[in-house]
Amino acid sequence: MAISCPKCQADMRTYERNGIHVDQCTECRGVYLDRGELEHLITAEAQWSAQQTQPPARSEPSQPSYSQPSYQQGSYAKPYKKRKNFLEELFD
Numbered sequence: 868m869a870i871s872c873p874k875c876q877a878d879m880r881t882y883e884r885n886g887i888h889v890d891q892c893t894e895c896r897g898v899y900l901d902r903g904e905l906e907h908l909i910t911a912e913a914q915w916s917a918q919q920t921q922p923p924a925r926s927e928p929s930q931p932s933y934s935q936p937s938y939q940q941g942s943y944a945k946p947y948k949k950r951k952n953f954l955e956e957l958f959d
């Protein structure tokens with residue numbers, strides 16, 4: 868028996884990620900959770916966030932350093948890539 872999407876009536880695909888059953892529409896890509904799955908997601912997110920550690924704070928140098936010329940124009944540094952959170956990894 869195929870489940871149909873409550874929004875567009877298309878077929879839904881059911882899959883399991885990290886012990887959570889997720890129903891996703893094949894057309895509108897809507898995500899639907901069974902009863903209790905949202906609470907399970909919130910608990911899993913809290914546990915995942917608690918495991919992430921913050922980088923240690925930078926300590927100030929013991930001696931003052933001489934200022935270096937800065938070349939802020941035309942920087943070729945790579946942009947900072949934001950780390951995905953638990954929910955982004957779940958639906959990736």
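Using our numbering, the letters of the sequence shown correspond one by one to residues 868 to 959. From the three backbone atoms N, C-alpha and C, an ideal C-beta is built for every residue, glycine too.
Serine 916 is not a Cβ neighbour of asparagine 885, given a cutoff of 9 Å.
For threonine 910, the enclosing alpha helix (DSSP H) covers residues 904-918. Arginine 884: member of the beta strand (DSSP E) spanning 879-884, first to last residue. Closest in alpha carbon position to alanine 911, among Arg925, Pro873 and Ile887, is Ile887. Apart from sequence neighbours up to five positions away, the residues of its chain that approach threonine 881 with a beta-carbon distance below 6 Å are Asp890, ordered along the chain.
Around the C-beta of cysteine 892, 16 or more other C-beta atoms lie within 10 Å, and the residue is accordingly described as buried.
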